[in-house]
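Notes follow the structure.
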Amino acid sequence: MALVNFNKKFYFLPHTVGAATNDGQTAVINTESILNGICQPEEKWSYNNLGGVISPYGNYVLDAEWEWKNDTYTAFKEGVTPPATYPFDTHFSYPFFNNDGTIDNTKTDRWLTSLCVDVVADSKEDDNTWTTEGKTDKGYKIWKYAPENTIPSVNGQINSLSTGVVFKAKMKATSDALNSTDEDTRALANKINNTDKTLGNSYTDDILYAFGGRIFRTWENVRKAAIEAAAPKITWIIDDEKTGAGHWELSEINRTNSLYKAVFGDDGGCGNFKFTYVEKDANGNVITDKDGNPIKHEGVIADTKPTLENTANAAWTAWANDGKKPEGALKEAFKTAVTKAEFTIYQSSYDEELGGWGYYCYYYYWNRHNDNLNNGVMGPMEFAVVRNNVYKLAVTKISRLGHPRISENDPDKPTPGRPDEKEDVYLTVTAQVLPWVVRVNNIEF
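Numbering follows my numbering, with no gaps: position 74 of the sequence shown is 73.
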């Protein structure tokens, strides 16, 4: 786990300013408001059941980088062409983004990292005076001191400015998956767990693809699943009544399901594909072997529609036919097409501290200060770090795979202007505000 986006500058004395309007969308910042707000207390915002601001109205805690943060939000807000480079490392220690606006999870030494097992070790300090009165939540450990970091507007609460925590996880298959009767599931589970110890190269190892809550081992299995999802109906057409000679024909296929469209495009053909059929006699009866099992055969049939060029499958095929080179235009085109189709790509990597070779992913959490109780819509001072507060974090639920190690593999990769909270909520946080110095945030991914 790692802390990111630490302010390098801070006020020696606390500063607060009022909001421009009752809904608290922006702070009022001028010479008079700054001087009048020195050493004035923070006033918490109040909300109704729908997350709307209600009286009594709150205020903003102002930090020493407020002007730069307003400029940064302006530079990266939606509809504005972002700058090629931006000085994140000038203003932040452990910046989440590189100055070119990318994330490089292969070089996390630039973040303030710790092993989770070390953070919660028995030897670590456990100050139970920070425990909620009447509660038994005494398992928390003191981790790090984070400098004050506040944003002077609601919409300015973006990934490049807010203090956050990055959790790194290693995928591990369940025992049910390892012992599955389905061959593909079992093979996927063994590859994730590196059962045969063959992982060792991010590009020659099996690449995993996630789509619609499912994960696939290799693109060939993605393609196979997409065709199966289209439920093709294959019919035997008799060409010669006397001899019974004939051919197989694709008579029906559903090209509207989301997986098929993601792989082959809207109403695109899928090319040649294999199918299995059982052998029958002249009367249409299934022929069985000596053990009574139907005799099965494998055939290949060609789709009646032509394949489309600008599809994920076409881009992968071109890259594969070129030897799956780890660099070059075909690799770039493949990853661009696949992530554009909403596939997340996971490639193997090595981490000495987390058990060597495997498949890793990342979860990003932005520190919540004042929860407006409306997931997907941000409120004033919702994401911040304010002095004299203790933030108690607990990961309580993980419901999906996180972001991939390589940013170009991510169809949902964070960008500098991305809001800390969006309508398509990536993680659910249950926040409880405790006696004034303690805030508990239960994190669900």
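All C-beta atoms, glycine included, are put in the ideal place defined by N, C-alpha and C.
Residues that residue i bridges to, as DSSP identifies them
{"i": "ALA336", "result": "ALA336 pairs with nothing; no bridge assigned."}
{"i": "ASP117", "result": "Note: ASP117 sits in no beta bridge, so no partner."}
{"i": "VAL16", "result": "TYR59"}
{"i": "THR25", "result": "SER152"}
{"i": "GLU251", "result": "LYS232"}
{"i": "GLY445", "result": "With the chain covering only 0 through 444, there is no way to say anything about residue 445."}
{"i": "ASP181", "result": "Paired residue(s): none; ASP181 is not in a bridge."}
{"i": "PRO418", "result": "ILE157"}
{"i": "CYS360", "result": "ALA168, PRO403"}
{"i": "GLY245", "result": "ILE237"}
{"i": "GLY138", "result": "DSSP, once it has assigned bridges, lists no residue as partnering GLY138."}
{"i": "THR343", "result": "ALA209"}
{"i": "SER348", "result": "GLY357"}
{"i": "LYS54", "result": "Residue 54 is actually Ser in this sequence, not Lys. According to DSSP, SER54 bridges with nothing at all."}
{"i": "ILE37", "result": "HIS14"}
Presumed contact (8 Å Cβ cut-off) between residue i and residue j, rounded CB distance
{"i": "ARG386", "j": "ASN440", "result": "At roughly 17 Å, the Cβ-Cβ gap does not stay under 8 Å, so ARG386 and ASN440 are not in contact."}
{"i": "LEU61", "j": "CYS38", "result": "That belief does not hold up - the Cβ atoms of LEU61 and CYS38 are roughly 12 Å apart, past 8 Å."}
{"i": "VAL277", "j": "ILE252", "result": "Not really, about 20 Å apart at Cβ, beyond 8 Å."}
{"i": "PRO94", "j": "VAL3", "result": "7 Å"}
{"i": "TYR202", "j": "PRO325", "result": "4 Å"}
{"i": "PRO146", "j": "TYR59", "result": "The pair is not a contact, with the Cβ atoms about 17 Å apart (cut-off 8 Å)."}
{"i": "ASP370", "j": "GLU381", "result": "7 Å"}
{"i": "ALA176", "j": "ALA186", "result": "The Cβ separation is near 10 Å, so there is no contact."}
{"i": "ASN21", "j": "VAL52", "result": "6 Å"}
{"i": "GLY375", "j": "LYS323", "result": "With 8 Å as the limit, GLY375 and LYS323 do not qualify as a contact, their Cβ atoms being about 39 Å apart."}
{"i": "THR275", "j": "GLU297", "result": "6 Å"}
{"i": "GLY268", "j": "PRO305", "result": "5 Å"}
{"i": "ASP266", "j": "ARG254", "result": "5 Å"}
Proximal residues to residue i (C-beta, below 7 Å), its chain only, five neighbours per side dropped
{"i": "LYS8", "result": "ALA63, GLU64"}
{"i": "ALA74", "result": "PRO81, PRO82, TYR85"}
{"i": "ILE236", "result": "GLY245, HIS246, GLU248"}
{"i": "ASP205", "result": "LYS190, ARG216, THR217"}
{"i": "ASP288", "result": "ILE294"}
{"i": "GLU341", "result": "PHE210, ALA261, PRO410"}
{"i": "ASP117", "result": "none"}
{"i": "CYS115", "result": "MET0"}
{"i": "PHE96", "result": "PHE87, ILE102, SER159, PRO415"}
{"i": "ASN200", "result": "none"}
Own chain residues within Cβ distance below 6 Å of residue i, not counting five before or after
{"i": "VAL153", "result": "GLN24, MET377, PRO379"}
{"i": "THR400", "result": "Note that residue 400 is Leu in the sequence shown, not Thr. The answer, listed in chain order, is ALA209, CYS360."}
{"i": "THR234", "result": "GLU248, SER250"}
{"i": "LYS76", "result": "GLY416"}
{"i": "ASP125", "result": "LYS140"}
{"i": "ALA393", "result": "ASN441"}
{"i": "VAL285", "result": "VAL277, LYS279, PRO293"}
Beta-carbon proximity list for residue i, same chain, < 8 Å, skipping 5 on both sides
{"i": "ALA19", "result": "THR25, ALA26, VAL27"}
{"i": "PRO55", "result": "GLU42, SER45"}
{"i": "THR395", "result": "THR429, ASN441, ILE442, GLU443"}
{"i": "ASP321", "result": "GLY327, LEU329"}
{"i": "LEU111", "result": "ALA1, LEU2, VAL3, PHE5, SER92, TYR93, LYS143"}
{"i": "ILE33", "result": "HIS14, VAL16, LEU61"}
{"i": "GLY450", "result": "Not covered by the structure: residue 450. The range shown for the chain is 0 to 444."}
{"i": "VAL119", "result": "GLY138, LYS140"}
Residue i vs residue j beta-carbon contact at 8 Å
{"i": "ASN408", "j": "TYR358", "result": "no"}
{"i": "ASP301", "j": "LEU307", "result": "Sequence inspection shows Ala at residue 301; the Asp mentioned does not correspond to that position. Cβ atoms of ALA301 and LEU307: not closer than 8 Å."}
{"i": "ALA229", "j": "ASN192", "result": "no"}
{"i": "ASN373", "j": "GLY50", "result": "yes"}
{"i": "LYS68", "j": "LEU198", "result": "no"}
{"i": "TYR259", "j": "ALA311", "result": "no"}
{"i": "THR339", "j": "ILE102", "result": "In the sequence as displayed, the identity of residue 339 is Lys instead of Thr. No, the pair does not count as a contact, with Cβ atoms beyond the cut-off."}
{"i": "MET0", "j": "SER92", "result": "no"}
{"i": "ALA383", "j": "ASN148", "result": "yes"}
{"i": "ALA98", "j": "ASP88", "result": "Note on identity: in this sequence residue 98 is Asn, with Ala being the wrong assignment. Closer than 8 Å, so yes."}
{"i": "VAL262", "j": "VAL221", "result": "yes"}
{"i": "THR303", "j": "GLY100", "result": "no"}
{"i": "ILE214", "j": "GLY416", "result": "no"}
{"i": "ALA172", "j": "TYR362", "result": "no"}
{"i": "ASP419", "j": "TRP356", "result": "no"}
Item to complete: Run through the region 276-327 for me and flag every whole alpha helix (DSSP H) of 4 or more residues, listed as ranges in chain order.
Response: Qualifying alpha helix (DSSP H) stretches, in chain order: 311-320.
Practice prompt. Can you check the region 194-228 for any alpha helix (DSSP H) of at least 4 residues that lies completely inside it and give the ranges in chain order?
Written response: List check, alpha helix (DSSP H) in window: 218-228.
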